[in-house]
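K.L.:
To convert a position in the sequence shown, counted from 1, into the working numbering, add 1.
Here a beta-carbon is modelled for each residue, glycine too, at the ideal position from N, C-alpha and C.
Input: one structure, supplied below.
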Amino acid sequence: DGVRSTSEACDTGGAAGCSGNCGVSTGFTCAGNVGGQSQCTPSNVDTAINSVTAIQLQQSSISVLVQVTVSGADANTQVSVFCAAFLPTAVSATPTPSQVQTATLKAEGVCTQASGCNVEISGLNAATTYRIFCAPPGGSQTSTQPSNNNPLELTTRATTVSAPTISTVSETGVSFVAVAAASSTVTCGAFQTSTSQSIPSASQV
């Protein structure tokens with residue numbers, strides 16, 4: 002109920018860190034007097050990055066999805082995890098958890114040890130290299146990479162698409178070749194020769 006009694010080690014009213022039987026969850030430290038609501042924070046929860054995937058390509062920015070697992074907490078205890086992207090020149094070594102939590106390009110996710118979580122960081126520039134880090138509040142370490150990549154660096158894709166080169170035209174369709182950094186929409190148009198004496202602009206097509 003959010004009010005700690007003398008028989009309870011903690012009572013957060015259902016918030017993370019205090020179990021259903023009002024005991025301090027593994028990986029948390031709780032504070033708060035009897036008669037008040039307890040405040041619990043992770044004490045030694047650690048994170049690991051499993052993968053980082055670019056999931057959205059726009060004209061000037063990219064979003065990445067960071068798959069994170071946590072350890073040191075009860076299986077179903079929810080833990081807030083922050084992930085951040087830094088330019089390599091902005092970090093010479095692994096940043097502290099507080100630096101991750103206050104980074105400009107960051108996002109927060111809620112993980113459990115049983116299922117982990119995905120954290121989406123948006124607003125990254127295209128064709129730029131970033132280093133990805135994650136950390137829980139109060140965590141004893143900052144995770145920097147999957148086990149096979151130290152440190153984890155992600156180079157986002159360019160957004161430019163080359164002008165398509167038409168290969169063949171037939172009654173069934175137009176074949177063309179276009180070099181793109183990701184899936185892109187290409188529009189083809191047909192003009193009567195009397196109305197298009199030169200190469201039309203992209204907007205005309």
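#1: For the beta strand (DSSP E) containing serine 81, list its first residue and its last residue.
#2: For serine 123, which option in Cys84, Thr95, Gln114 has the closest C-alpha, if you only look at C-alpha atoms?
#3: By Cβ distance, which residues of its chain are closer than 6 Å to serine 25, with the 5 residues on each side in sequence left out?
#4: List the residues that DSSP assigns as beta-bridge partners of alanine 32.
#5: Mind checking which residues open and close the alpha helix (DSSP H) that includes valine 25?
#6: Please state if the CB of threonine 157 and the CB of alanine 115 are separated by a distance shorter than 8 Å.
#7: Use the C-beta contact count for alanine 191: other C-beta atoms within 10 angstroms, 16 or more gives buried, fewer gives exposed.
#8: At the level of alpha carbons, what is the spacing between valine 170 and threonine 188?
#9: What number of angstroms, rounded off, separates the C-alpha of leucine 37 from the C-alpha of leucine 125?
#10: Ends of the beta strand (DSSP E) at valine 120?
#11: Using CA atoms only, rank isn't needed, just tell me which of Ala49, Ser20, Ile133, Gln79 is closest to valine 111.
#12: Have a look at glutamine 193 and alanine 86 and give me their C-alpha separation to the nearest angstrom.
#13: Whole angstroms are fine: how far does the CA of serine 64 sit from the CA of valine 206?
#14: Since aspartate 47 sits in a beta bridge, which residues does DSSP pair it with?
#15: Using only the alpha-carbon positions, how far apart do glycine 18 and serine 204 sit?
#16: Which residues share a DSSP beta bridge with glycine 110?
#17: Quick one: grab the DSSP three-state call for serine 6.
P.N.:
Inspection of the coordinates gives the following:
#1: 80-87
#2: Cys84
#3: It is worth fixing the name first, because residue 25 is valine in this sequence and not serine. Cβ neighbours of valine 25 beyond the five flanking positions: Ala10, Cys11, Cys31.
#4: Gln40
#5: That residue, valine 25, is in no alpha helix (DSSP H); it is neither H nor E in DSSP.
#6: no
#7: exposed
#8: 14 Å
#9: The sequence shown places glycine at residue 37, rather than the leucine named in the question. Their Cα atoms are separated by approximately 43 Å.
#10: 118-126
#11: Gln79
#12: 51 Å
#13: 30 Å
#14: Ser72
#15: 57 Å
#16: Val82
#17: coil
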